[in-house]
Structures are given as structure tokens and as C-alpha cells.
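Q: First, the structure itself, so that you have it in front of you.
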Amino acid sequence: MGVSSWSVVVPAKRLAVAKTRLTPLTGGPAGPPGTAHARLVLALLADTVAAALASTAVSDVLVVTDDPDAAAVVTSLGARTVPDEPDRGLNPALAHGARATGAVAVAALSSDLPALRPEELTAALTTAATTAPRCFVPDAQGTGTTLLTAAGVELAPAFGAGSAARHRDGGAVRLTGAWPGLARDVDTAGDLRAAVALGVGRHTAALVAAGGLLPC
1 MGVSSWSVVV PAKRLAVAKT RLTPLTGGPA GPPGTAHARL VLALLADTVA AALASTAVSD
61 VLVVTDDPDA AAVVTSLGAR TVPDEPDRGL NPALAHGARA TGAVAVAALS SDLPALRPEE
121 LTAALTTAAT TAPRCFVPDA QGTGTTLLTA AGVELAPAFG AGSAARHRDG GAVRLTGAWP
181 GLARDVDTAG DLRAAVALGV GRHTAALVAA GGLLPC
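Using UniProt numbering, you'd call the opening residue of the sequence shown number 1 and step up by one each time.
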């Protein structure tokens, strides 16, 4: 397919409604930017975006968000942002972001991959470039999706519960590889423990080191 570089699109919800299944771990909803929940959500996002920017297969990272604090974090790392103009949920936001890149090769990446290594993303994108016009990487459970790629075709995102089957049924080819950080999204305390065991980026690591996030 002749793809040498990819534009990566990352969605970032408003902090007040992001990662609600982690609230038992952080003590409550996101609220103001300084709360524990907001700090964790922003740390997961920052480590994901930093890893994507460091991938040699990535030309740029575009974050779709209406949250000013999320936008400030990712732009400080070198990503671009666009507002969520559709404001109709995750998949319309990703489709909007894919169009906004203006790129031929686009990859939608989950925003909660703190253990992602740049070389994992490079390997997955390189594999996608020679496999099929649309490809996806399932999450650690095998039912969700953490990465969806499209080269020369519409992205057609179908993220959410059971998205791996929807992407497969929609013609995307499942990719497999030694990419544990790419597969390990964080929705629960158990997911965060698993990510920490793999080794997380500096933003999430700093929060964990400060204590209180991972009770026994």
C-alpha cells in the first residue's frame, strides 16, 4: 500500500465524563483539574500521546477534545488538537478527527494506554501498512479495540463494547504481535495494575509512585 507514515487520532473526553469506571480507585468523578481522577485521566492520555509521538511510523498526532486541560497537556507534548465538532460520541469524534488530519493513512488510538511503547506502535503500523486497507489491534481481553488503521479508505470506527467483532465484520483485518502495551487499555483498577506491571510512562508512573492509587 506504500504507506510510510501515519497520522494518529486520539479521542479525549471531557474530564467530567472520562474513565468513570476508575472512580472507585480515585475516589470520585473528575471534577476540577486538580482532583485525583482528573490527574489520572490526564496522565493516561499524556503517556499514550507521548508514546505515539515517539513512534518512527507516526508523522503527527491529532487529539479530538473539547476539554481545555486535556488540550493543554497534549499540545505541550507536541500534538495538535481539534474540537469535537460532531459532539455525538466516540466514533463520530474519531471520524471527524480522521478527516481533519487530511492524511491518506490514519490510525485511531485509544487514549488510555500508559504502558504503550513507541516501538510497539511502530511495529503494529508497519504491519498494517502491508496487510490490508483497514486493520485493528484488539485489547488484552480480545473483545475491544485499541488501534484501528485505514490507508486510502474511510476509517469507519466502531469502538465501544464488542468493537473487535464489529471491526472484523466490517472488513478490518485483526493484527497480532508482541505488543502488550498496545493491548493494555485501562478501564479498571485491575487494568491499571496490569499496565504498571508492564511498565508505564512517566506521567502515570509519577502518580503511582505518589501512592494511593493501587491499594492492596
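Ideal placement from N, C-alpha and C gives every residue a C-beta, glycine not left out.
Quick one: using the 10 Å Cβ neighbour count with 16 as the cut-off for buried, is G144 buried or exposed?
A: buried
Q: Tell me the DSSP secondary structure of V64 in three-state form.
A: strand
Q: What residue ranges within the UniProt domain "MobA-like NTP transferase" (45-162) form continuous alpha helix (DSSP H) runs of no fewer than 4 residues, ordered along the chain?
A: 68-77, 90-101, 118-129
Q: Kindly confirm or deny that the segment 169-179 and the segment 190-199 touch, where touching means at least three C-beta pairs closer than 8 Å.
A: no
Q: Taking one C-beta from the segment 129-142 and one from the segment 42-54 each time, how about it: are there three or more such pairs within less than 8 Å?
A: no
Q: Just checking, does the segment 115-124 make contact with the segment 71-88 on the three C-beta pairs under 8 Å criterion?
A: no
Q: Please report the Cβ distance between S55 and P118, rounded to the nearest whole angstrom; I am assuming they are in contact, meaning their Cβ atoms lie under 8 Å.
A: 4 Å
Q: Taking DSSP as the reference, what is the three-state secondary structure of V208?
A: helix
Q: What does the alpha-carbon distance come out to for the pair T130 and E154?
A: 17 Å
Q: Please classify W6: does DSSP put it in a helix, a strand, or coil?
A: Strand at W6.
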